[in-house]
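**Q** Under UniProt numbering, the first residue of the sequence shown is numbered 28, with each subsequent residue one higher.
For reference, the structure I am asking about is given below.
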Amino acid sequence: QSYTRIGQVESKVRAFLTLDEENARQAAVKLDEQLTSGQARGDLFGLPIGIKDNMVTEGLRTTCASKFLSNYNPIYDATVVSKLKEAQTVTIGKLNMDEFAMGGSNENSAYHPTHNPWNTDYVPGGSSGGSAAAVAAGEVYFSLGSDTGGSIRQPAAYCGIVGLKPTYGLVSRYGLVAFASSLDQIGPLTKNVEDSAYLLQAIAGYDAKDSTSAKVDIPDYLSALTGDVKGLRIGVPKEYMGNGIDPAVKEKVLEALKVLEGLGAVWEEVSLPHSEYAVATYYLLASSEASSNLARFDGIRYGVRSDNANNLLDLYHLSRSEGFGPEVKRRIMLGTYALSSGYYDAYYLKAQQVRTLIKQDFDQVFEKYDIIIGPTAPTPAFKIGEQSNDPLTMYLNDIMTIPVSLAGIPAISVPCGFVNELPVGLQVIGKALDEATLLRVAHAFE
Ligand code: GLN
Numbered sequence: 028q029s030y031t032r033i034g035q036v037e038s039k040v041r042a043f044l045t046l047d048e049e050n051a052r053q054a055a056v057k058l059d060e061q062l063t064s065g066q067a068r069g070d071l072f073g074l075p076i077g078i079k080d081n082m083v084t085e086g087l088r089t090t091c092a093s094k095f096l097s098n099y100n101p102i103y104d105a106t107v108v109s110k111l112k113e114a115q116t117v118t119i120g121k122l123n124m125d126e127f128a129m130g131g132s133n134e135n136s137a138y139h140p141t142h143n144p145w146n147t148d149y150v151p152g153g154s155s156g157g158s159a160a161a162v163a164a165g166e167v168y169f170s171l172g173s174d175t176g177g178s179i180r181q182p183a184a185y186c187g188i189v190g191l192k193p194t195y196g197l198v199s200r201y202g203l204v205a206f207a208s209s210l211d212q213i214g215p216l217t218k219n220v221e222d223s224a225y226l227l228q229a230i231a232g233y234d235a236k237d238s239t240s241a242k243v244d245i246p247d248y249l250s251a252l253t254g255d256v257k258g259l260r261i262g263v264p265k266e267y268m269g270n271g272i273d274p275a276v277k278e279k280v281l282e283a284l285k286v287l288e289g290l291g292a293v294w295e296e297v298s299l300p301h302s303e304y305a306v307a308t309y310y311l312l313a314s315s316e317a318s319s320n321l322a323r324f325d326g327i328r329y330g331v332r333s334d335n336a337n338n339l340l341d342l343y344h345l346s347r348s349e350g351f352g353p354e355v356k357r358r359i360m361l362g363t364y365a366l367s368s369g370y371y372d373a374y375y376l377k378a379q380q381v382r383t384l385i386k387q388d389f390d391q392v393f394e395k396y397d398i399i400i401g402p403t404a405p406t407p408a409f410k411i412g413e414q415s416n417d418p419l420t421m422y423l424n425d426i427m428t429i430p431v432s433l434a435g436i437p438a439i440s441v442p443c444g445f446v447n448e449l450p451v452g453l454q455v456i457g458k459a460l461d462e463a464t465l466l467r468v469a470h471a472f473e
């Protein structure tokens with residue numbers, strides 16, 4: 028079924044980097060065998076899914092949308108991938124993204140851009156753009172994405188689907204190719220909130236293979252979907268509703284708040300005073316961590332090795348300059364600079380301190396409010412090519428998702444209408460490890 032749909036739309040959407048029909052067929056046969064041998068049928072039995080191409084899949088090419096890894100076939104599964112196999116899903120293929128998850132439009136993929144299924148002249152968002160587009164276009168039932176500064180929520184908003192970034196540490200990062208380790212988090216992209224709860228249930232939980240994995244009990248997320256938000260206290264940050272936000276998007280958020288009010292919730296304006304520093308803080312920290320994480324790509328241990336080198340240093344140098352795309356190089360240079368001695372205190376250390384202030388802003392609001400609501404992104408999707416020569420404008424699309432990532436707290440983007448026939452996302456932000464409340468509110472609103 029999935030393949031029929033893919034045949035119809037994939038040439039226009041281009042969500043996949045690798046499609047492996049044979050692999051999927053074998054998985055389906057295995058599931059059939061499990062049934063005949065008397066094994067129980069789980070909630071997710073047989074559902075066709077897609078995985079963002081920065082999560083390793085045994086025997087299935089994993090490129091991170093980089094030329095550097097065009098030949099990389101992992102020998103193991105990421106923890107989330109094994110968990111989804113255990114949950115009896117069928118992986119159809121690997122989904123396009125910005126190279127090493129750096130970007131917000133999929134235009135940084137070294138292979139091809141993905142197109143927004145609502146209007147193929149527009150970007151699907153990013154970096155999990157392939158993951159969002161494949162779900163929106165009905166090519167897979169749901170997908171996994173990763174979110175470092177908004178990469179699940181922003182593409183979900185642009186593609187009119189539900190995207191959840193869990194609390195940092197709730198879902199294992201083992202087998203997720205690291206971009207910025209203190210921020211990266213895997214989460215579900217789904218058509219609705221109920222599916223999101225099912226998928227989170229399947230992938231959340233402690234993993235000894237990830238040193239930052241949280242040792243916590245996992246609640247029953249499905250039972251949180253009661254539809255009841257009576258008395259819920261909502262804070263709406265004025266910084267997310269002021270300058271820079273498209274007035275039509277703001278209107279949709281206000282309409283959504285009215286719906287929640289109608290259901291018995293109350294909302295008030297609040298302030299997250301350090302929001303204006305979040306983007307600068309993020310680009311220092313994320314680039315610094317990336318420069319360190321991406322040092323492993325040396326042309327020897329993984330991926331493509333340059334043919335043009337005469338000695339070892341040349342080999343490192345040429346493999347990296349031929350393998351990485353321009354945005355990745357920009358970030359490695361920025362990060363290396365910020366970490367270098369003499370600049371470390373002024374940039375990296377300072378950014379860490381501001382990160383703490385941003386987190387404290389949220390802590391203060393959560394003393395009085397149950398959740399925070401605002402837009403996911405300041406505008407709907409933009410046209411392919413419109414921002415690709417202007418990294419700074421592109422960086423500002425994440426102005427409302429990045430603070431949440433820096434604070435390590437969970438947030439979900441849920442569709443809240445259309446502007447110019449393009450979907451708009453409502454961002455619901457929760458306390459650490461309180462995914463249940465997020466899902467409850469998003470579900471009641473949906
Ligand atoms: N767009 C942001 C960036 O370019 C966020 C990416 C992400 O969350 N992976 O870094």
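Ideal Cβ positions, reconstructed from N, Cα and C, are used throughout, including at glycine.
1. Please classify M360: does DSSP put it in a helix, a strand, or coil?
2. Given that a residue counts as buried once 16 or more other Cβ atoms are within 10 Å of its Cβ, and exposed if not, what is N335?
3. Would you identify the three-state DSSP class for Q387, choosing helix, strand or coil?
4. Between the alpha carbons of I179 and I245, how many angstroms are there, rounded?
5. Is the segment 159 to 172 touching the segment 32 to 42, taking contact as three or more C-beta pairs under 8 Å?
6. Please return the same chain residues whose Cβ sits closer than 8 Å to the Cβ of V331, not counting the five positions on each side in sequence.
7. Going by beta carbon distance, what residues of the same chain come within less than 7 Å of K110, once the five residues before and after it are set aside?
8. With a 10 Å radius around its C-beta and 16 neighbouring C-beta atoms as the bar for buried, classify R323 as buried or exposed.
9. Beta-carbon of K121 versus every beta-carbon of chain D: anything under 8 Å?
10. Specify, as a first and last residue, the run of the alpha helix (DSSP H) that R32 falls within.
11. Tell me the rounded alpha-carbon separation between T406 and A184.
12. Among P144, G152, P140, A92, which has the Cα closest to the Cα of E126?
13. How many angstroms separate the CA atom of G258 from the CA atom of I398?
14. List the residues that DSSP assigns as beta-bridge partners of G77.
15. Answer with buried or exposed for V56, where buried requires no fewer than 16 other C-beta atoms within 10 angstroms of its C-beta.
16. To the nearest angstrom, how far is it from the Cα of Y138 to the Cα of A163?
17. Does the Cβ-Cβ distance between V286 and F472 come in under 8 Å?
18. Using CA atoms only, rank isn't needed, just tell me which of P430, L299, D211, T147 is closest to K410.
19. From K192 to R52, what distance separates their C-alpha atoms?
20. I'd like the list of long-range same chain contacts for A459, defined as Cβ closer than 6 Å, with 5 residues on each side in sequence excluded.
21. So, helix, strand or coil for V198, using DSSP?
22. If I follow the unbroken beta strand (DSSP E) through E85, where does it start and stop?
23. Measuring straight from C-alpha to C-alpha, what distance separates R32 and M129?
24. By the three-class DSSP mapping on this structure, what secondary structure does S346 have?
25. Residues in the same chain with beta-carbon distance under 6 Å from G362, minus the five sequence neighbours each way, listed in chain order, please.
26. To which residues does DSSP link E295 through a beta bridge?
27. Considering only their Cβ atoms, is the gap separating T106 from residue 520 smaller than 8 Å?
28. When every heavy atom of the ligand GLN is checked, does at least one fall within less than 7 Å of the C-beta of residue 497?
29. Give me, in chain order, the residues of the same chain whose beta-carbon lies closer than 6 Å to that of S298; leave out the 5 immediate sequence neighbours on both sides.
30. What does the Cβ neighbour count give for T395, buried or exposed, with the cut at 16 atoms within 10 Å?
31. Can you give me the Cβ contacts of I439 inside the same chain, cut-off strictly under 6 Å, excluding the 5 residues immediately before and after it?
32. Would you give the residue range spanned by the alpha helix (DSSP H) that G212 belongs to?
33. Measuring CB to CB, does L433 end up less than 8 Å from R382?
34. Give every residue of the same chain whose Cβ lies closer than 6 Å to the Cβ of A251, excluding the five residues on either side of it in the sequence, and list them in chain order.
35. Exposed or buried, which one is T63 when buried takes at least 16 other CB atoms within 10 Å?
36. Hey, how far is the Cα of G187 from the Cα of V355?
**A** If we stick to the structure as given:
1. Helix, per DSSP.
2. Classified as exposed, N335 has fewer than 16 neighbouring CB atoms from the shown chains inside 10 Å of its CB.
3. Of the three classes helix, strand and coil, the one that applies to Q387 here is helix, per DSSP.
4. When rounded, the distance between both Cα atoms is 21 Å.
5. Enough Cβ pairs lie closer than 8 Å, so yes.
6. Hits under 8 Å: K94, F95, L96, S97, N98, S346, E349, G350.
7. The beta carbon of K110 is closer than 7 Å to those of A229, I230 in its chain, skipping five residues each way along the sequence.
8. Counting Cβ neighbours within 10 Å, R323 comes out exposed, since fewer than 16 surround it.
9. Although the question refers to chain D, the structure presented lacks it and comprises just one protein chain.
10. For R32, the enclosing alpha helix (DSSP H) has its first and last residue at 29 to 40.
11. Approximately 10 Å, taken between the alpha carbons.
12. Of the candidates P144, G152, P140, A92, the one whose C-alpha sits nearest the C-alpha of E126 is A92.
13. Approximately 12 Å, taken between the alpha carbons.
14. Paired residues: G120, S170.
15. Counting other Cβ atoms within 10 Å of its Cβ, V56 stays below 16 and is therefore classed as exposed.
16. Going from the Cα of Y138 to the Cα of A163 covers about 21 Å.
17. Taking 8 Å as the cut-off, the beta carbon of V286 is found closer than this to the beta carbon of F472.
18. That would be T147, whose Cα lies nearest to the Cα of K410.
19. Cα to Cα, the separation comes out at about 30 Å.
20. Within the same chain, A459 has close Cβ partners T194, I436.
21. When DSSP states are grouped into helix, strand and coil, V198 belongs to the strand group.
22. Here E85 belongs to no beta strand (DSSP E), and DSSP marks it neither H nor E.
23. So the two alpha carbons sit approximately 29 Å from each other.
24. For S346, the secondary structure class from DSSP, reduced to helix, strand or coil, is helix.
25. Taken in chain order, the residues that qualify are S314, S315, A317, S318.
26. Answer is G262, bridged to E295.
27. The question about residue 520 has no answer here: the residues shown for the chain are numbered 28 through 473.
28. The structure shown has nothing for residue 497, since the chain only spans 28 to 473.
29. K265.
30. A small correction: the amino acid at residue 395 is Lys; Thr does not occupy that position in the sequence shown. Label assigned to K395: exposed.
31. Excluding sequence positions up to five before and after I439, its CB lies within less than 6 Å of the CB of L191, V455, L465, A469, all in the same chain and listed in chain order.
32. Checking the displayed sequence, the identity of residue 212 turns out to be Gln instead of Gly. Going by DSSP, Q212 is part of no alpha helix (DSSP H) but of the beta strand (DSSP E) stretching over 212 to 217.
33. Closer than 8 Å, so yes.
34. Closer than 6 Å at the Cβ level, and outside the excluded window around A251, lie A463, L466, R467.
35. Counting Cβ neighbours within 10 Å, T63 comes out exposed, since fewer than 16 surround it.
36. Cα-Cα distance, rounded: 28 Å.
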